[in-house]
Amino acid sequence: MANIHKMSATESLNVESSAVWDPLASKTVTSTWADNDNHKLDVSNYHQLIINTDEPISIDFQTTAAAPRTNTLTMSADEELTIKVPHGVGDTIYLNMVASSSEATVKIIGN
Numbered sequence: 717m718a719n720i721h722k723m724s725a726t727e728s729l730n731v732e733s734s735a736v737w738d739p740l741a742s743k744t745v746t747s748t749w750a751d752n753d754n755h756k757l758d759v760s761n762y763h764q765l766i767i768n769t770d771e772p773i774s775i776d777f778q779t780t781a782a783a784p785r786t787n788t789l790t791m792s793a794d795e796e797l798t799i800k801v802p803h804g805v806g807d808t809i810y811l812n813m814v815a816s817s818s819e820a821t822v823k824i825i826g827n
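Residue 717 in the working numbering sits at position 1 of the sequence shown, with consecutive numbering throughout.
#1: Buried or exposed, going by whether 16 or more other CB atoms sit within 10 Å of the CB of T780?
#2: Compute the Euclidean distance between the alpha carbons of S747 and T798, then round it to the nearest angstrom.
#3: Counting C-beta neighbours from all protein chains within 10 Å, is the total for N752 16 or more, i.e. buried, or is it exposed?
#4: Report buried or exposed for N812, applying the criterion of at least 16 other Cβ atoms within 10 angstroms of its Cβ.
#5: Name the residue from E771, T786, I809, A782 whose alpha carbon lies nearest to the alpha carbon of K708.
#6: Can you find the residues in the same chain that come closer than 6 Å, C-beta to C-beta, to L789, ignoring five residues on each side of it along the sequence?
#7: What would DSSP say about A783, mapped onto helix, strand or coil?
#8: Tell me whether M717 is buried or exposed, calling it buried when 16 or more other Cβ atoms sit within 10 Å of its Cβ.
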């Protein structure tokens with residue numbers, strides 16, 4: 717059964733324009749995925765993320781910490797991406813990342 721997180725009326729109205737953004741991480745992501753803090757981030761408590769990277773990376777959201785699948789989103793170097801966190805698929809949502817080249821510095825903020 718889907719885990720549907722319902723928001724209050726105030727949260728649902730303000731999630732797009734919330735002034736509260738938390739710096740979540742600055743990570744060095746390598747091209748070989750490993751189940752460690754450099755390649756995964758628990759984003760269950762966030763609605764949106766802004767992700768910036770200095771080198772190409774592949775990202776995806778999963779309910780487990782695991783290597784990004786083949787059909788993932790690939791970010792280019794020096795790209796900034798605003799993305800919504802998918803909810804209703806499990807209790808814990810992980811953002812999983814792997815660098816396309818040797819390593820990338822990834823900065824993430826969320827609200």
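Quick reminder that beta carbons are idealized off the backbone N, C-alpha and C, glycines included.
The relevant details are as follows:
#1: By one-based count along the sequence shown, residue 780 stands at place 64. Classification for T780: exposed.
#2: On the sequence shown, residue 747 is found 31 positions in, with the first residue counted as 1. On the sequence shown, residue 798 is found 82 positions in, with the first residue counted as 1. For the pair S747 and T798, the Cα-to-Cα distance works out to about 23 Å.
#3: For the purposes of this step, residue 752 is taken as residue 36 along the sequence shown, with counting starting at 1. With fewer than 16 other Cβ atoms inside 10 Å of its own Cβ, N752 counts as exposed.
#4: For the purposes of this step, residue 812 is taken as the residue at position 96 of the sequence shown. Per the 10 Å Cβ criterion, buried.
#5: The first residue shown for the chain is 717 and the last is 827, placing residue 708 beyond what the model contains.
#6: Here residue 789 is taken as the residue at index 73 of the sequence shown, counted from 1. Only I775 meet the Cβ criterion.
#7: As a first step, residue 783 must be located in the sequence shown, where it is residue number 67. The answer is coil: DSSP assigns A783 none of H, G, I, E or B.
#8: By one-based count along the sequence shown, residue 717 stands at place 1. In this prediction, M717 has a pLDDT of 48, which is less than 50 and means its spatial position is unreliable; nothing more can be read from the coordinates.
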